[in-house]
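*Asks:*
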Amino acid sequence: MTPPRVWDLAVVGAGPAGAAAALGALHARPGLSVLLVDRSDFPRDKSCGDGIAPHVLDLLAEVGVTGLVHDRVPVTRLRLERGRATVARTMRRAAWVVPRSVFDARLVDAACDAGAHLLRHRVRDIAVGRQGVRLDGSITARLVVGADGAHSRVRASTGARRTSTALALRAYAPVVPGREGEQVIAFGSGRAPAYAWSFDRGDGLANVGYGELLSPDRPQPTRSSLVARLEDLLPGSIAGATGWRGHHLPLSPARWAHPDGRVLLAGDAAGLVNPLTGEGIYYAVATGLAAGRTAAEALAHGDGADAGRAYRRAVRSLLAGHLRHTALAGGLARSGRVLEAGMLAASRDQRVFDDLVELGLGRGRITPAVVGGLLHAAGGRLVHAAKERG
Ligand SMILES: Cc1cc2nc3c(=O)[nH]c(=O)nc-3n(C[C@H](O)[C@H](O)[C@H](O)COP(=O)(O)OP(=O)(O)OC[C@H]3O[C@@H](n4cnc5c(N)ncnc54)[C@H](O)[C@@H]3O)c2cc1C
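To convert, note that position 308 of the sequence shown is 308 in UniProt numbering; the numbers rise steadily by one, no gaps.
Pasting the structure below:
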């Protein structure tokens, strides 16, 4: 196609948030000119646990994208551990473990099939004018979606504040006997979220890793300390491991903010990673779609100058309640006792387990079942401790 002089929408970053933004816009208005810009060629690797929640696939099906995981093995078992506390149950719905080199390339293909134009380019400069946005002085668009990840340049250009951040490292290693067919999460004693994981990909390899919350008053953990914590929490994980890669995770706050104007931020660029679990692909796809749809709507009814405000409203109506609950849960989970009480409650009651999975992978809330289960488990522990003291 001959590139237009002014694109309707330019999306910076073609990860799940960016591809979803292009898909959301083009599904709403197939005639829009949409430029999808990424500094990398696809397929490209991305440091990640590769866990894809079923909710992600539900959202993509809404814009006609299906079959993304048809050749992968579903994982139905989830095991949570902390010291001697453990719960292992079947999830209500299967999840998937798909290397991001595969998953993201498939999403980019879907966006291009829908009509997006893919350009390899590293965006360095973002200038917002009255009529549109200029990228590096050479690309002009009426609206821009910033989906350029945790270290987003687009986000920095809006002056939006950074959220608290975690650091995690992953590798691929042969599945350790006893961990086949499972997603295993072993919580550590670092500042939550601090956990090691082993996610069986279904092809003999597991995605293994460890991550923890960064603290401004402590030095950033080194690569070797992260690897040591992984091996400590999940012994045997690192034997034969290759492809080590680390990255930051911007954790979502209780109250999410977004500026007005022509620039919409989605996914990691919007500071949206679940503070309880470190999951971010669901938020990336949900907010990417919302950004694309909002952009299409704003351009249909005006020149797009109001898009930021409309987008903030759309994301808040989707996620505000959930984000308050995950922030609260993330804070509570910093206490090992609460974590262990949660595991005990989930091992006693499938409903509590299912509700916690929804909170960690989708947009669930702290439900009455979870509160009741926690209180019951905590009460039991107090009685037990009192009996032990005599
Ligand atoms: C170790 C680790 C494990 C994780 N595990 C999970 C998990 O199991 N499940 C889960 O749901 N989430 C997980 N997450 C979080 C998840 O990886 C992110 O939330 C998700 O990738 C966000 O998608 P995104 O599209 O916003 O950003 P990204 O996937 O980071 O994509 C951003 C894109 O922008 C491009 N880009 C960046 N800067 C520029 C620029 N200046 N110009 C042009 N292009 C640019 C990049 O090349 C990239 O393709 C994990 C994160 C880490 C670090």
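Cβ coordinates follow ideal geometry from the N, Cα and C atoms, glycine included.
Just confirm the distance between the C-beta atoms of residue 108 and residue 42, as a whole number of angstroms; I'd bet it's less than 8 Å.
*Replies:* So it is a contact: roughly 5 Å between Cβ atoms.
*Asks:* When burial is assigned at 16 or more other CB atoms within 10 Å of the CB, is residue 352 buried or exposed?
*Replies:* Flag for residue 352 reads buried.
*Asks:* With a threshold of 8 Å (Cβ to nearest heavy atom), would residue 282 be considered close to ligand 1?
*Replies:* Yes.
*Asks:* Are residue 227 and residue 210 closer than 9 Å when you measure CB to CB?
*Replies:* Yes, the Cβ-Cβ distance between residue 227 and residue 210 is below 9 Å.
*Asks:* Can you name, in chain order, every residue of its own chain whose Cβ lies under 6 Å from the Cβ of residue 330, other than the five neighbours on each side?
*Replies:* The residues are 275 and 276.
*Asks:* Please confirm whether any heavy atom of ligand 1 lies closer than 8 Å to the CB of residue 168.
*Replies:* Correct: residue 168 has its Cβ closer than 8 Å to ligand 1.
*Asks:* Would residue 343 be called buried (16 or more neighbouring beta carbons within 10 Å of its own) or exposed?
*Replies:* So residue 343 ends up on the buried side.
*Asks:* Considering Cα atoms alone, identify which of 360, 50 and 32 is closest to residue 16.
*Replies:* Residue 16 has its Cα closest to that of 50, out of 360, 50 and 32.
*Asks:* Here's the rule: buried if 16 or more other CB atoms are within 10 angstroms of the residue's CB, otherwise exposed. What is residue 60?
*Replies:* Buried, since its Cβ has 16 or more Cβ neighbours within 10 Å.
*Asks:* If distances are taken between C-alpha atoms only, which option among 300, 379 and 359 comes closest to residue 327?
*Replies:* Comparing Cα-Cα distances from residue 327 to each of 300, 379 and 359, the minimum goes to 359.
*Asks:* Among the residues of its own chain, which have a CB less than 6 Å from the CB of residue 117, if the five just before and after it don't count?
*Replies:* If we look at residue 117 and ignore the five residues flanking it on each side, its Cβ neighbours are 35.
*Asks:* On a CA-only basis, which of 239, 113, 231 and 232 is nearest residue 173? Give me that one, please.
*Replies:* With distances taken between Cα atoms, residue 173 lies closest to 239.
*Asks:* So, helix, strand or coil for residue 332, using DSSP?
*Replies:* Correct three-state label for residue 332: helix.
*Asks:* What do you reckon, is the C-beta of residue 364 under 8 Å from a heavy atom of ligand 1?
*Replies:* False, no ligand heavy atom lies under 8 Å from that Cβ.
*Asks:* Does the contact criterion of 3 or more C-beta pairs under 8 Å hold for the segment 254-261 versus the segment 277-286?
*Replies:* No: the two stretches stay apart, fewer than three of their Cβ pairs being nearer than 8 Å.
*Asks:* Using only alpha-carbon positions, find the residue among 88, 26 and 28 that is nearest to residue 346.
*Replies:* Residue 346 has its Cα closest to that of 88, out of 88, 26 and 28.
*Asks:* Using beta-carbon positions only, say whether residue 234 and residue 167 come within less than 9 Å of one another.
*Replies:* No. Outside cutoff.
*Asks:* When the Cα atoms are used, what is the spatial distance from residue 161 to residue 79?
*Replies:* Whole-angstrom Cα-Cα distance: 35 Å.
*Asks:* Please confirm whether any heavy atom of ligand 1 lies closer than 8 Å to the CB of residue 358.
*Replies:* No, the Cβ of residue 358 stays beyond 8 Å of every heavy atom of ligand 1.
*Asks:* Reducing DSSP to helix, strand and coil, say where residue 54 ends up.
*Replies:* Residue 54: helix per DSSP, three-state reduction.
*Asks:* Report the start-end ranges of each beta strand (DSSP E) in the UniProt domain "FAD-binding" (9-165) that is 3 residues or longer and not cut off at the edges.
*Replies:* List check, beta strand (DSSP E) in window: 34-38, 75-82, 85-97, 117-120, 126-128, 133-135 and 139-146.
*Asks:* How far does the beta strand (DSSP E) with residue 231 in it extend, from its first residue to its last?
*Replies:* Premise fails: residue 231 lies in the alpha helix (DSSP H), 223-233, not in any beta strand (DSSP E).
*Asks:* Applying the 10 Å Cβ sphere with the 16-neighbour rule, what's the burial state of residue 237?
*Replies:* That one is buried.
*Asks:* For residue 185, which beta-bridge partners are listed by DSSP?
*Replies:* Looking at the DSSP assignment, residue 185 forms a beta bridge with 80 and 197.
*Asks:* Skipping 5 residues on each side, what residues in its chain have a beta carbon closer than 7 Å to that of residue 307?
*Replies:* Only 143, 262, 264, 294, 295 and 298 meet the Cβ criterion.
*Asks:* Let me make sure I understand the geometry here. Which of 305, 180, 37 and 229 has the alpha-carbon closest to that of residue 196?
*Replies:* Of the listed residues, the one whose Cα sits closest to residue 196 is 229.
*Asks:* Excluding the five sequence neighbours on either side, which residues of its own chain have a C-beta within less than 7 Å of the C-beta of residue 1, listed in chain order?
*Replies:* So the list reads 117, once near-sequence residues are dropped.
*Asks:* Assign residue 250 to one of three DSSP states: helix, strand, or coil.
*Replies:* Here residue 250 sits in strand by DSSP.
*Asks:* At a cut of 8 Å, does the segment 52-71 reach the segment 119-132 through at least three beta carbon pairs?
*Replies:* Verdict: no, contact absent.
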